[in-house]
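Below is one structure, written out as structure tokens; comments come after it.
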Amino acid sequence: MQGLTESEALLRLKTYGYNEIPERRESIILSFLKKFTGLTAYTIEAAIAVSYILGRYIDLMIMAFLLLFNSIIGVLHESRAEKAVNLLRKRITVETKVLRDGNWRTIPSRELVPGDIVKVMIGDIVPADLKVIEGSVSVDQSTLTGESLPVERGRGDILYSGSSIVRGGAIAEVVATGPKTYFGRTAELVQIGKPRLIIERITSSVTKGLLLADLAFIAMVAVKLFISKISIEELLPFSLTLLIASIPVALPAMTTITLALGALELSKNGVLVRRLESIEGAAMMDVVCIDKTGTLTENKLYVTRVIPLDGYNEKDVVLYALLASEKITKDPIDLAISEYAAKLGISREGYFVVEFHTFDPSLKRSEAVVRINSEEFSVMKGAPQVISEISARSVDDLLEKLSNEGCRALAIAVRKKGVVSLVGLIGLQDRPREDSKKLVSKLKELGVNPKMITGDNILIAKNIAEEVGIGCRAVSIREGGIKLIENADALAEVIPEDKYNVVSYLQEKGHVVGMTGDGVNDAPALKKADVGIAVKNSTDVAKASASVILTSEGLKNIVDLIIIGRTIYRRITLWIINKVVKTFQIVYFVAISTLFLGIPVISPTQMILMLFMYDFVTISISTDRAKPSKMPERWNLRKLLLLSSLLGGLKIIELFIALYIALSIGLDINQVRSFIFYVLLVSGLLNILNFRERGFFWSSKPSNAVLFSIFTDILVATFVVISGFFMARISLYHTMIALLYTFIVTLVFTDVIKISIYKKIQI
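Number 702 in our numbering belongs to position 611 of the sequence shown; there are no gaps in the numbering.
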């Protein structure tokens, strides 16, 4: 078998295209046109139509321009988010072993072409429609057909793209790729789903509640203005504009950009995000179940103890163990013995292996017949219970001692002249990684409870868990330990199928659970977990089931995932707080002041301009250097609304003082509106600096994007009111009064009170 040549493969690639399902991407024109639909757009369009009917052409032009500008900005931000996600997708690749030019090599699955010869093994996702040439496999087609039981496939049978190999291995020919496959599911692994997030549901609830309250205020204002004989030409645009202020214009762009940029940031830290909701889950995660091997430990065995018996010495034990090991091997036990023997200067020199029996799982031992000079004997290594039974020598006390030290025991025996003698025991350990203890400590500092999951016995589990700082409370799942796991530090004697039950149990107890895994049998648990984490070198099936994929070993990636997840959570929380406070500032202040004065204190045009300038800045929150919380996040709608309402009430008081100042310095009603427009806008912008910090606003520096957008907006607003652009002009002197007042009350007065509010509510 030679497979295709590279030139043949390249020619077929040009003919058939890449082995992927082309995404139906929305054209930029359609995306742009969609910006003119939805509640916000329809309300603004209604206001534009009313302005046209009433002959208010200046208002019409301003609102039309701002709607157009907002649509362009929205498309640009979505494009930026899409680019971030596409960059991420390129890093999540599925690879396949293919025969090209007579040599087996690994290539990205998207480069497969019909006629290629490929090799599939347990844990692989079938990369294209294949016809089996050699071997037999058991295939899970549940994701394609809904069949729960695996099906057997052999020579001549078809393996469908997207199914997974759960047993066996095969060599097969590619018969169809990409859109030509029967099910067309190859691209599933690299697609990043975006279900409705908890954070979106919370925001939606807040928005709906505010909208109902706003409508009540708007109705009262409309009645008041009608009684005050305000013309319909003034009343209708004003009421529509107040309604616009209640709608979260920037919410979709804000959440999409924040999560997409967060996923890109995580990819730079070795964490590939498959499902965006996992970022939110990481922020809320309070328990993470961690595989011992490869995550807490080095995934490499070392000889740490040698116990000679019955007159033998350490070198005898190691020599016989070496002779009972394969010379060229990848077996971790044989490699550990060879490495230790080399350190002691022991070699096979002079010994000739007449016959070798590799490790037999049913016998639980390996054996070699060895000759030196004219003497011939057998050496064995294997499970202590088996070897001690053959040699009729009990070593239970020594085995317990090795287990207490966290070692896996290996027994070595020699058979000479028909008599089997137990030579000694070797203790093997998979040592903890150097950074495990520090990172476990970091997880605990973050309020995340790490629980070690291992297939080892309870004594080894306890030893490793204690050594890495997780704790010493280990339980065995075989002894009903799953019901004790909530208060335990380690769960021993776990098989992959148990992990699903562990996740389910912890979730039933109200925990947000993370679970690591790497094998086919880990897939259900990874899918069930709030944050399914496929560790480095996981099978394709595990990667497809997980919500995040780690690209390096150890815990560092998990710590990064939690910290960045919480940072993103804080960014979106800041947006929600600002949204509620902005509603208080604009809708409630404007409504209440209008009820008292009988005339609007801000014009519809000014309100529309202010809303779009403000939302332009709030988008930059997605890049803010938010400070992650020290404990897992939890959505508490009542506390969130209480906090926002108190801060919003505080801002209303400040605005009424600003209104009093404006009326006291001799401004006419149109100039008062310009003054209030300026104070409202600058106050809303400074709120971002204020509310992003639980302490004083200067405690941490915002991102450059946040600072730049705030500075630019204030500069533009200052130019607008001083020049009288589309509104009554106010002098530089009056503008500076408004600016100074807003800076003092927001960054001094509000900042001090905010700290005590945050401490009291503890959100």
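For glycine and all other residues, C-beta sits at the position ideal for the given N, C-alpha and C.
It should be emphasised that the depicted structure is a prediction, and the values quoted were computed from it without experimental measurement.
Contact under 7 Å by Cβ, residue i with residue j
| i | j | result |
| --- | --- | --- |
| residue 651 | residue 633 | no |
| residue 561 | residue 587 | no |
| residue 263 | residue 223 | yes |
| residue 808 | residue 772 | yes |
| residue 500 | residue 545 | no |
| residue 408 | residue 399 | yes |
| residue 431 | residue 461 | no |
| residue 819 | residue 774 | no |
| residue 138 | residue 154 | yes |
| residue 724 | residue 373 | no |
| residue 470 | residue 411 | yes |
| residue 662 | residue 349 | yes |
Alpha carbon of residue i to alpha carbon of residue j, nearest angstrom
| i | j | result |
| --- | --- | --- |
| residue 107 | residue 677 | 58 Å |
| residue 758 | residue 682 | 21 Å |
| residue 576 | residue 391 | 27 Å |
| residue 278 | residue 269 | Residue confidence is low: residue 278 scores 41 on pLDDT, short of 50, so the model does not pin down where it sits. No coordinate-derived value is stated. |
| residue 105 | residue 254 | 26 Å |
| residue 508 | residue 199 | 57 Å |
| residue 700 | residue 795 | 24 Å |
| residue 782 | residue 330 | 29 Å |
| residue 525 | residue 648 | 15 Å |
| residue 314 | residue 306 | 12 Å |
| residue 304 | residue 610 | 52 Å |
| residue 333 | residue 711 | 24 Å |
| residue 371 | residue 660 | 7 Å |
| residue 754 | residue 358 | 55 Å |
| residue 216 | residue 252 | 8 Å |
| residue 426 | residue 853 | 55 Å |
| residue 629 | residue 124 | 43 Å |
| residue 353 | residue 361 | 13 Å |
| residue 145 | residue 730 | 44 Å |
| residue 498 | residue 378 | 27 Å |
| residue 428 | residue 273 | 49 Å |
| residue 404 | residue 421 | 27 Å |
| residue 243 | residue 227 | 7 Å |
| residue 846 | residue 738 | 11 Å |
| residue 828 | residue 816 | 19 Å |
| residue 119 | residue 601 | 43 Å |
| residue 261 | residue 229 | 10 Å |
Nearest to residue i (by Cα), restricted to the options the options
| i | options | result |
| --- | --- | --- |
| residue 851 | 734, 546, 799, 729 | 734 |
| residue 100 | 392, 753, 192 | 192 |
| residue 271 | 549, 138, 221 | 221 |
| residue 459 | 196, 414, 487 | 414 |
| residue 483 | 514, 711, 111 | 514 |
| residue 259 | 662, 689, 212 | 212 |
| residue 121 | 162, 243, 493 | 162 |
| residue 713 | 679, 697, 798, 760 | 798 |
| residue 705 | 299, 836, 778 | 778 |
| residue 680 | 743, 667, 686 | 743 |
| residue 675 | 309, 485, 98 | 309 |
| residue 645 | 197, 388, 188, 142 | 388 |
| residue 300 | 840, 670, 842, 846 | 670 |
| residue 563 | 466, 580, 571, 836 | 580 |
| residue 202 | 653, 601, 188 | 188 |
| residue 547 | 527, 530, 533, 569 | 569 |
Inter-residue CB distance, residue i and residue j (contact presumed, cutoff 8 Å)
| i | j | result |
| --- | --- | --- |
| residue 664 | residue 719 | That pair is no contact at about 11 Å. |
| residue 208 | residue 92 | 6 Å |
| residue 574 | residue 591 | With 8 Å as the limit, residue 574 and residue 591 do not qualify as a contact, their Cβ atoms being about 15 Å apart. |
| residue 627 | residue 617 | 14 Å between Cβ atoms; not a contact. |
| residue 638 | residue 716 | That pair is no contact at about 25 Å. |
| residue 395 | residue 519 | 7 Å |
| residue 549 | residue 383 | Actually they are not in contact, since the Cβ atoms of residue 549 and residue 383 sit about 13 Å apart, beyond 8 Å. |
| residue 257 | residue 231 | 5 Å |
| residue 457 | residue 472 | 6 Å |
CB contact check: residue i to chain E, cutoff 7 Å
| i | result |
| --- | --- |
| residue 522 | In the displayed structure, chain E is absent; only one protein chain is listed. |
Any non-hydrogen atom of the ligand ZN within 6 Å of residue i CB
| i | result |
| --- | --- |
| residue 564 | Looking at this structure, you won't find the ligand ZN or any other ligand, since it has none at all. |
Original post:
What are the complete beta strand (DSSP E) segments, minimum 3 residues, inside the region 545-627?
Top reply: Complete beta strand (DSSP E) runs here, min 3: 565-567, 581-583, 604-608, 622-625.
**OP:** Entirely within the region 417-478 and at least 4 residues each: give me those alpha helix (DSSP H) ranges in chain order.
**Re:** Within the region 417-478, the complete alpha helix (DSSP H) runs of at least 4 residues are 423-435.
**OP:** For the region 358-424, list the alpha helix (DSSP H) runs that are entirely contained and at least 4 residues long, ordered along the chain.
**Re:** 368-375, 405-414, all fully within the region 358-424.
Subject >> Any alpha helix (DSSP H) of 4 or more consecutive residues that is wholly inside the region 770-848 >> reply: List check, alpha helix (DSSP H) in window: 795-814, 823-835.
Subject >> Ordered list of alpha helix (DSSP H) runs contained in the region 709-747, each at least 4 residues >> reply: Scanning the region 709-747 for uninterrupted alpha helix (DSSP H) segments of 4 residues or longer gives nothing; none is fully contained.
**OP:** May I have a chain-ordered list of the beta strand (DSSP E) segments no shorter than 3 residues that lie completely inside the region 648-709?
**Re:** You should have found no qualifying run.
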